[in-house]
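Below is one structure; the comments refer to it alone.
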Amino acid sequence: MIVISYEWMLGKWSVMVMELLIYKRNIGDEWVWGRWGCAIFIFLQYLGINASSLSITAFTVERYIAICHPMKAQFICTVQRAKKIIYGVWIFACIYCSPWLFLTKTAPIYYKGYENMETCTFALSRNLYVGYFLADLVLFYILPLILSCVLYSLIARILFSNEIPKTPGKKNGNAANLNSGDSKKTSSSMNARVQVSQFFC
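If you count by the numbering used here, then the sequence shown holds residues 43 to 243, one letter each, in order.
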């Protein structure tokens, strides 16, 4: 939850900027923000998509550790580590998407009755972008999807294979300790199930 909360706040900024640029488009494919406006718009568009994909993947890994390895989670899923993951996600996404700053351009378009109009388009032939798009598909869609399916399958197996223990009343000190331990396990399992249910809902 730490990772996804920080990512939501950072991602909101890029979405707001993109919406502002979209609403300023006037006639047809006209682009009024110039060459660098075109480059930044495309860059932010792919940055938001790719960073979101990595953020969801990081959130999935965090949930897997917290539910399937709760003891390790106390030392692994910390605020400081979450901040490092956030910085890493955004730095990687920025570097990966940076070529879009140079792979776009503005080109003149012509509408009857209008002059000096431009559109935001590809700087190179579209065939040359196939490799880049395939890398996007694999890195930010296929691999995260496979990893998420595997991890959530493991989470589901852990959650639904652990039956809530039925313990008798307290008889002595040892029994009280056992009951206390079982109660903590039961509470942890129930909380984990609620978290997963809320995530899917």
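Glycine included, each C-beta is placed from N, C-alpha and C at the ideal position.
Remark: C-beta atoms of alanine 93 and tryptophan 132 approach each other more closely than 8 Å. The secondary-structure analysis by DSSP pairs lysine 114 with nothing; it has no beta-bridge partner. Within a 10 Å sphere around the beta-carbon of glutamate 104 sit 16 or more other beta-carbons, which makes this residue buried. If you ignore the 5 residues before and after cysteine 119, its C-beta comes within less than 8 Å of the C-beta of Ile44, Glu104, Ile107, Ala108, all in its own chain and listed in chain order.
For the options Glu72, Val192, Tyr88, Leu185, the alpha carbon positioned closest to that of cysteine 136 is the one of Tyr88. Excluding five sequence positions before and after threonine 146, the CB atoms of its chain that fall closer than 6 Å to its own CB belong to Cys80, Ala81, Ile84, Ala165, given in chain order. Sorting Thr163, Ala198, Val180 by C-alpha distance to the C-alpha of tryptophan 73 places Thr163 at the top. In this structure, glutamate 160 lies near alanine 149, with their beta-carbon atoms less than 8 Å apart. Between the alpha carbons of arginine 123 and phenylalanine 182 lies a distance of about 22 Å.
When DSSP states are grouped into helix, strand and coil, glutamate 160 belongs to the strand group. Threonine 99 is not a Cβ neighbour of serine 195, given a cutoff of 8 Å. By alpha-carbon distance to leucine 179, the top candidate from Leu96, Trp78, Leu86, Trp75 is Leu96.
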